[in-house]
Amino acid sequence: MPTAFVPETLDATDFTHLEPLIRALLDRPLMAAGDVEAWLLDRSDLYAAISEGRARLYIAMTCNTEDEGAQQAYARYIEDVAPKLTPLFFELDRKLVEAANTTGLNMPRYAVLLRNAKADVDLFRPENVLLETQLAQLAQRYDQVAGAMTVEFDGREQTLPQMARYQEMTDRAVRERAWRASAARRLRDRDTIDAIYDEMVALRDRVAKNAGYADYVGYAFTSKHRFDYDVAACVRFHDGVADAIVPLVRALEDERRRSLGVERLCPWDLSVDVKGRPPLRPFEGGADLIRKGRVVMHRLDHRLAGLFEQLGDGTGRVQSAADVGRVMLDLDSRKGKAPGGYQYNLDRLRKPFIFMNAAGMHRDVETLVHEAGHAFHSMLCADEPLSEYRESPTEFAEVASMSMELLTMRHWGPSGDGREGFYPNEEDFRRACRDQLKHSVLLLPWIATIDAFQHWVYTHPGHTRAARTAQWLAIDDRFGSSVSWAGLEDVRASLWHRQMHLFDHPLYYIEYGIAQLGALQLWLHALEAGEASAVERYMRALRLGGSRPLPALFEAAGLTFDFGPETVRRLADRVRAELAKIPE
Numbered sequence: 361m362p363t364a365f366v367p368e369t370l371d372a373t374d375f376t377h378l379e380p381l382i383r384a385l386l387d388r389p390l391m392a393a394g395d396v397e398a399w400l401l402d403r404s405d406l407y408a409a410i411s412e413g414r415a416r417l418y419i420a421m422t423c424n425t426e427d428e429g430a431q432q433a434y435a436r437y438i439e440d441v442a443p444k445l446t447p448l449f450f451e452l453d454r455k456l457v458e459a460a461n462t463t464g465l466n467m468p469r470y471a472v473l474l475r476n477a478k479a480d481v482d483l484f485r486p487e488n489v490l491l492e493t494q495l496a497q498l499a500q501r502y503d504q505v506a507g508a509m510t511v512e513f514d515g516r517e518q519t520l521p522q523m524a525r526y527q528e529m530t531d532r533a534v535r536e537r538a539w540r541a542s543a544a545r546r547l548r549d550r551d552t553i554d555a556i557y558d559e560m561v562a563l564r565d566r567v568a569k570n571a572g573y574a575d576y577v578g579y580a581f582t583s584k585h586r587f588d589y590d591v592a593a594c595v596r597f598h599d600g601v602a603d604a605i606v607p608l609v610r611a612l613e614d615e616r617r618r619s620l621g622v623e624r625l626c627p628w629d630l631s632v633d634v635k636g637r638p639p640l641r642p643f644e645g646g647a648d649l650i651r652k653g654r655v656v657m658h659r660l661d662h663r664l665a666g667l668f669e670q671l672g673d674g675t676g677r678v679q680s681a682a683d684v685g686r687v688m689l690d691l692d693s694r695k696g697k698a699p700g701g702y703q704y705n706l707d708r709l710r711k712p713f714i715f716m717n718a719a720g721m722h723r724d725v726e727t728l729v730h731e732a733g734h735a736f737h738s739m740l741c742a743d744e745p746l747s748e749y750r751e752s753p754t755e756f757a758e759v760a761s762m763s764m765e766l767l768t769m770r771h772w773g774p775s776g777d778g779r780e781g782f783y784p785n786e787e788d789f790r791r792a793c794r795d796q797l798k799h800s801v802l803l804l805p806w807i808a809t810i811d812a813f814q815h816w817v818y819t820h821p822g823h824t825r826a827a828r829t830a831q832w833l834a835i836d837d838r839f840g841s842s843v844s845w846a847g848l849e850d851v852r853a854s855l856w857h858r859q860m861h862l863f864d865h866p867l868y869y870i871e872y873g874i875a876q877l878g879a880l881q882l883w884l885h886a887l888e889a890g891e892a893s894a895v896e897r898y899m900r901a902l903r904l905g906g907s908r909p910l911p912a913l914f915e916a917a918g919l920t921f922d923f924g925p926e927t928v929r930r931l932a933d934r935v936r937a938e939l940a941k942i943p944e
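Under the working numbering, the first residue of the sequence shown carries the number 361, and numbering increases by one thereafter.
Next comes the structure, spelled out in structure tokens:
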């Protein structure tokens with residue numbers, strides 16, 4: 361339960377309301393371990409309020425990038441409020457570290473919290489506050505540019521997520537026209553996006569060097585609290601993907617090329633059904649997506665279904681920050697909406713919010729259950745008193761989401777329960793399952809590509825655009841698709857522009873690879889020991905939130921914390937075997 365320290369009516373986006381509370385925490389004497397524990401609870405409630413204040417502004421801004429009021433409100437926050445909070449957060453962390461040393465607080469319960477706080481204290485430099493503000497402004501600019509991308513196609517203006525539907529159509533000429541239209545639209549902003557990234561790289565390098573690091577890679581590992589693996593482990597992951605996954609992916613692509621009867625596999629040939637069947641259309645609109653999602657969750661586990669039903673019916677839409685919390689889902693794609701999908705915790709309400717760009721495709725089903733996994737995570741640890749522990753390391757947070765993609769899979773199809781899932785037709789259901797299994801491994805080379813690219817970018821901060829492009833192409837040669845890019849070289853050179861993490865969350869993407877390997881392990885456990893056992897492990901680990909180190913969270917779910925070549929190869933072999941059981 362919240363303490364009485366933070367007023368219920370607090371406007372957590374107004375620094376003048378926040379500063380007195382922070383000063384009160386800084387001035388409070390901490391003479392014994394019990395004092396520190398009570399202080400931590402009050403600090404936690406204040407952090408929850410601050411986090412939720414920013415979340416409301418961010419959600420409103422991404423739900424409508426054309427709303428000038430929402431854009432200005434978020435801009436004001438990152439320009440005027442966040443920079444003033446950062447040095448005060450540093451002071452609070454320093455007070456915690458000092459109090460832990462003098463009162464004997466350093467016990468298992470607070471081990472993770474103290475480890476993170478010590479790292480943040482060591483990293484803080486006052487001169488970086490302005491640089492971080494500038495980086496947040498650039499990230500907002502990227503979101504605005506990407507969110508404004510639409511094309512006139514098929515007689516109407518369409519967003520790029522909506523255009524993806526055409527890639528599943530059986531008419532190859534239509535697919536090509538749609539793909540080229542979207543690619544051309546992205547290229548119109550190529551120079552703008554390159555310029556944003558140039559500035560980001562330079563600023564991040566300055567942030568790292570100000571903090572005493574040789575480059576931003578080392579700084580990012582510390583700031584992201586990556587204490588349990590290092591750059592060498594990432595390289596082992598890259599090697600495992602190159603050795604075990606890339607050959608599998610390229611074999612699947614060659615099989616696709618032969619099935620389609622084309623001489624060259626082109627980028628617009630990757631999503632169409634190889635037998636010429638119509639695209640999978642599992643739902644129509646957000647409300648239908650949620651209705652069918654409820655059926656699937658009830659088949660999987662009644663407890664998870666109960667959590668899913670708390671999210672709402674999918675008919676809501678965020679039109680302002682005031683809607684956030686009342687509306688927990690904003691699902692449908694529309695003009696002016698930022699790209700991608702995410703789940704954002706509302707820390708004070710202890711509720712999740714899910715944002716996505718649904719366009720009626722199977723990929724949207726994957727996104728929904730993925731983000732629902734994040735929502736389950738936040739809901740299952742909602743009783744944790746410390747807001748810091750209601751967040752978990754991203755590498756495990758993504759296990760929560762990616763596991764849902766795999767564990768719900770067998771429930772997407774027809775059933776004797778009389779309720780309609782996503783695929784009442786058996787053949788469509790098999791297609792969806794095969795697509796999901798393929799996606800579970802097809803994603804890994806892209807993760808390795810993005811991670812390796814970022815490592816190069818930030819260890820070569822003075823690079824030119826030409827050098828960056830050359831390195832991108834070299835990495836893509838190692839991990840990328842075997843499709844033909846003849847005549848499309850300019851598009852291939854800028855493929856990385858569409859990965860928002862490069863702009864909004866630098867050095868963040870290896871987490872998905874680590875998590876995918878964990879999710880695949882949990883899926884294998886479901887196959888071998890039963891689904892009920894897998895769900896129990898899943899829920900047990902999620903309830904821990906972030907209160908344990910990363911390897912311990914994996915262990916709680918019965919998973920091996922390893923992402924080197926041996927683990928990658930073992931899981932790739934099993935996915936290959938399971939794919940062989942599902943006819944195309």
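Think of the CB as a built atom: it goes at the ideal place given N, C-alpha and C, for glycine as much as any other residue.
Endpoints, beta strand (DSSP E) assigned at residue i
| i | result |
| --- | --- |
| residue 317 | There is simply no residue 317 to check, as the chain begins at 361 and stops at 944 in what is shown. |
| residue 623 | Run containing residue 623: none; DSSP gives neither H nor E here. |
| residue 899 | No beta strand (DSSP E) contains residue 899, which is instead part of the alpha helix (DSSP H) from 891 to 902. |
Beta carbon of residue i nearer than 8 angstroms to that of residue j
| i | j | result |
| --- | --- | --- |
| residue 908 | residue 472 | yes |
| residue 597 | residue 923 | yes |
| residue 634 | residue 620 | yes |
| residue 474 | residue 466 | yes |
| residue 681 | residue 420 | yes |
| residue 866 | residue 618 | no |
| residue 488 | residue 567 | yes |
| residue 709 | residue 798 | no |
DSSP-derived helix/strand/coil call for residue i
| i | result |
| --- | --- |
| residue 388 | coil |
| residue 702 | strand |
| residue 511 | strand |
| residue 740 | helix |
| residue 519 | strand |
| residue 789 | helix |
| residue 762 | helix |
| residue 372 | coil |
| residue 638 | coil |
| residue 691 | strand |
| residue 632 | coil |
| residue 591 | helix |
| residue 678 | coil |
| residue 843 | coil |
Inter-residue spacing [alpha-carbon to alpha-carbon] between residue i and residue j
| i | j | result |
| --- | --- | --- |
| residue 552 | residue 861 | 17 angstroms |
| residue 852 | residue 714 | 31 angstroms |
| residue 732 | residue 528 | 25 angstroms |
| residue 795 | residue 402 | 47 angstroms |
| residue 470 | residue 716 | 35 angstroms |
| residue 448 | residue 406 | 13 angstroms |
| residue 898 | residue 890 | 13 angstroms |
| residue 812 | residue 835 | 7 angstroms |
| residue 412 | residue 372 | 8 angstroms |
| residue 664 | residue 362 | 25 angstroms |
| residue 942 | residue 900 | 31 angstroms |
| residue 929 | residue 593 | 15 angstroms |
| residue 945 | residue 491 | The first residue shown for the chain is 361 and the last is 944, placing residue 945 beyond what the model contains. |
| residue 819 | residue 484 | 21 angstroms |
Any non-hydrogen atom of the ligand MG within 7 angstroms of residue i CB
| i | result |
| --- | --- |
| residue 550 | Looking at this structure, you won't find the ligand MG or any other ligand, since it has none at all. |
Extent of the continuous alpha helix (DSSP H) to which residue i belongs
| i | result |
| --- | --- |
| residue 424 | Here residue 424 belongs to no alpha helix (DSSP H), and DSSP marks it neither H nor E. |
| residue 461 | 442 to 463 |
| residue 473 | 471 to 483 |
| residue 649 | 645 to 660 |
| residue 827 | 825 to 839 |
| residue 910 | 910 to 916 |
| residue 715 | Where residue 715 is concerned, there is no enclosing alpha helix (DSSP H), although the beta strand (DSSP E) it sits in stretches over 711 to 718. |
| residue 578 | 576 to 583 |
| residue 930 | 925 to 940 |
Buried versus exposed call for residue i [16 or more other C-beta atoms within 10 Å across all chains shown]
| i | result |
| --- | --- |
| residue 316 | Any answer about residue 316 is impossible in this case: the structure gives the chain only from 361 up to 944. |
| residue 611 | exposed |
| residue 673 | exposed |
| residue 640 | buried |
| residue 622 | exposed |
| residue 369 | exposed |
| residue 384 | exposed |
| residue 560 | buried |
| residue 429 | exposed |
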